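In my numbering, the protein residues as written are 1 to 309.
Take a look at the structure below.
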């Protein structure tokens, strides 16, 4: 049995999953780990060229060394690494990728925005029983939108702004001002208006991927009285309830959000930056239901690999 390790260098967190590939060509995840490395930190202020910051690189390299201890002794091992928006856009990405190679011995594949959206689609298609829908993956440095109709992705795009960069751009880390939320809304309305095909998703269910969305999903499980907060895949809620959670958090300052989020308090500074595009998308498309997906880019890559073998 092959052990396949996926390393995912995201803009907000660095993740690892260890997957066993069965004789029938399926994969079973046996372990996952995550470190909040904030690789996109300092890249959202629109001050010229985007550069990966030294401290963010150090945090990410430390996470890799921690992960490596977990998988290095596994038999029949294959390691694959992918990187998304922060690395994709950084001027110094080549230097960073070389540092990662020096630590792990592997070449990291930098996914294009279109590839990231495609893998999101594959993950949802293979793990959720949902028909026509719109998919939104809110990452740290970009967010992907995919319109699915008749069991295929009709249109998709990667917009190069995510929870970390939008937080920096619109000063949303602490208490966002009325001026900044208005600037934020104008920005989103402009971006959405440039996508006429997005209106084909009007009224369809919204499938949500990404850390900010998972935080809301866990809050919904708590509201339902559930004790296992890890089982968010396929959980649904009304957009009225979703927007109610968002509105409540919008009115809090940073310390208050940390208290409300509890174990997920580390995300309190970027949660408004990550949820505001989703809230405006819900209103823009008159969406009535959201469905949460635990599967995303990593799983999409795995399904693609298995389908091509």
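Using N, Cα and C, we set each Cβ at its ideal position, and we do this for glycine too.
No experiment lies behind these values; they were computed from the predicted model shown.
- Uninterrupted alpha helix (DSSP H) stretches at least 4 residues long and entirely within the segment 102-181 occur at 113-127 and 163-169, given in chain order.
- With fewer than 16 other CB atoms across the displayed protein chains lying within 10 angstroms of its CB, residue 65 is exposed.
- Taking a C-beta distance under 9 Å as the contact criterion, residue 177 and residue 269 do not qualify as a contact pair.
- Rounded to whole angstroms, the gap between the alpha carbons of residue 141 and residue 169 is 12 Å.
- Between residue 87 and residue 138, the alpha-carbon positions lie close to 16 Å from each other.
- Assignment of beta-bridge partners to residue 20 by DSSP yields 3 and 28.
- Taking a contact as a CB-CB distance under 8 Å, the pair residue 280 and residue 185 counts as one, their CB atoms being some 6 Å apart.
- Between residue 160 and residue 49, the C-beta spacing is not below 9 Å.
- When DSSP states are grouped into helix, strand and coil, residue 50 belongs to the coil group.
- In this chain, the alpha helix (DSSP H) harbouring residue 272 covers 271-284.
- Nearest Cα to residue 52 within the set 259, 92, 122 and 119: 92.
- Where residue 290 is concerned, there is no enclosing alpha helix (DSSP H), although the beta strand (DSSP E) around it starts and stops at 289-292.
- Here residue 277 is buried: its Cβ has 16 or more other Cβ atoms, across all protein chains shown, within 10 Å.
- The three-state reading of DSSP puts residue 72 in coil, since its state is none of H, G, I, E or B.
- The three-state secondary structure of residue 244, taken from DSSP, is helix.
- Take residue 107, set aside five residues on each side of it, and the residues of its chain with a beta-carbon closer than 7 Å to its own are 101, in chain order.
- Taking C-alpha positions only, residue 286 is separated from residue 235 by approximately 20 Å.
- Ranked by Cα distance from residue 110, the options 267, 308 and 8 are led by 8.
- Taking residue 171 as the centre and dropping the five residues before and after it, the same chain places the C-beta of 177 and 180 closer than 8 Å to its C-beta, in chain order.
- In this structure the segment 20-29 does not touch the segment 56-63; the number of beta carbon pairs closer than 8 Å is below three.
- At a cut-off of 3 residues, the continuous stretches assigned as beta strand (DSSP E) that sit fully inside the segment 187-234 are 206-209.
- Closest in alpha carbon position to residue 192, among 158, 84, 173 and 127, is 158.
- Spanning the alpha carbons of residue 69 and residue 29 requires a straight line of approximately 18 Å.
- Under the three-state reduction of DSSP output, residue 261 falls in the helix class.
- For residue 213, the closest C-alpha among the options 274, 224, 265 and 261 is that of 274.
- Counting along the chain, no beta strand (DSSP E) covers residue 86; the unbroken alpha helix (DSSP H) around it starts and ends at 85-89.
- The segment 239-256 makes no contact with the segment 297-304: fewer than 3 CB pairs, one atom from each, lie closer than 8 Å.
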